[in-house]
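Worksheet: one structure, shown below.
In structure tokens, the structure reads:
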């Protein structure tokens, strides 16, 4: 994979050239940018805190890069859901010893986000931590990830609370719950935040799932979601003319930023 596309610079193998470029001798590829028809905007520079950890050569930055996945999972709004197939690591119903462990899944990966309030007697996690006091949230993250550096975790947590568009979204969703409790005088155990995946439907307009701005949406889902037969994201609009529910699927730009927070800070 060492031949660049003449339009976007993406690297390809020689056999990926389109047929007509084989005749002209000029490498031409169609699977990356459709012969220059697709032009993506340059990625924005990361926040100063993250950029320093990615580029510096001190002990803190090296430790961060070595454990970047663990930091991302500790700060993610959603957890990763899979259906694991453990049979590959078993023989006659018992786990095999002395061999390399294999992680095999069935079906599609999904991202899960549950209730905004932790259950009674349970510690908060994932999106729940974004509606808690920052120091309490930091303490919970460090209890679950005690091998990571506290100063790095705190710096990243503070950064995301300011820069990540969905941090304010979840805070607003929590405000909705508190307002509901104030007016009704009772808890609201039926309000949850859920992420479910649904394949884009044929014929959908490509701009249908354009990225919303943070002050337009807040994520809640009334009900337990048990009647849905697909995975989706349900948003409650925060608009001057009122509120309502807005449904989007995994093609929406919210899907990855909620899980890969250090790729989409």
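Numbering (our numbering), first residue to last: 12 to 276.
Glycine included, each C-beta is placed from N, C-alpha and C at the ideal position.
Tell me where the alpha helix (DSSP H) around residue i begins and ends.
i	result
residue 111	Run containing residue 111: none; DSSP gives neither H nor E here.
residue 83	79–86
Is the CB-CB distance between residue i and residue j below 8 angstroms?
i	j	result
residue 276	residue 163	no
residue 85	residue 152	yes
residue 81	residue 149	no
residue 177	residue 87	no
residue 60	residue 167	yes
residue 272	residue 171	yes
residue 21	residue 43	yes
Report the three-state DSSP secondary structure of residue i (helix, strand or coil).
i	result
residue 58	coil
residue 167	helix
residue 149	helix
residue 64	helix
residue 71	helix
residue 274	coil
residue 22	strand
residue 209	Because residue 209 carries a pLDDT of 49, less than 50, the predicted location of this residue cannot be relied on, and no value is offered for it.
Residue i to residue j, Cα distance in whole Å?
i	j	result
residue 274	residue 48	25 angstroms
residue 38	residue 56	31 angstroms
residue 75	residue 53	25 angstroms
residue 58	residue 161	19 angstroms
residue 228	residue 268	Low per-residue confidence applies at residue 228: pLDDT is 41, beneath 50, and the placement is therefore not dependable, though the value from the model is reported in the following sentence. About 15 angstroms.
residue 25	residue 17	13 angstroms
residue 70	residue 270	26 angstroms
residue 45	residue 13	19 angstroms
residue 179	residue 30	50 angstroms
residue 79	residue 51	26 angstroms
residue 68	residue 77	12 angstroms
residue 147	residue 15	49 angstroms
residue 62	residue 19	25 angstroms
residue 165	residue 40	45 angstroms
residue 98	residue 169	42 angstroms
residue 145	residue 156	16 angstroms
residue 66	residue 101	43 angstroms
residue 83	residue 23	30 angstroms
residue 113	residue 64	32 angstroms
Does the beta carbon of residue i fall short of 7 angstroms from some heavy atom of the ligand ZN?
i	result
residue 27	You won't find the ligand ZN in this model; it holds no ligand whatsoever.
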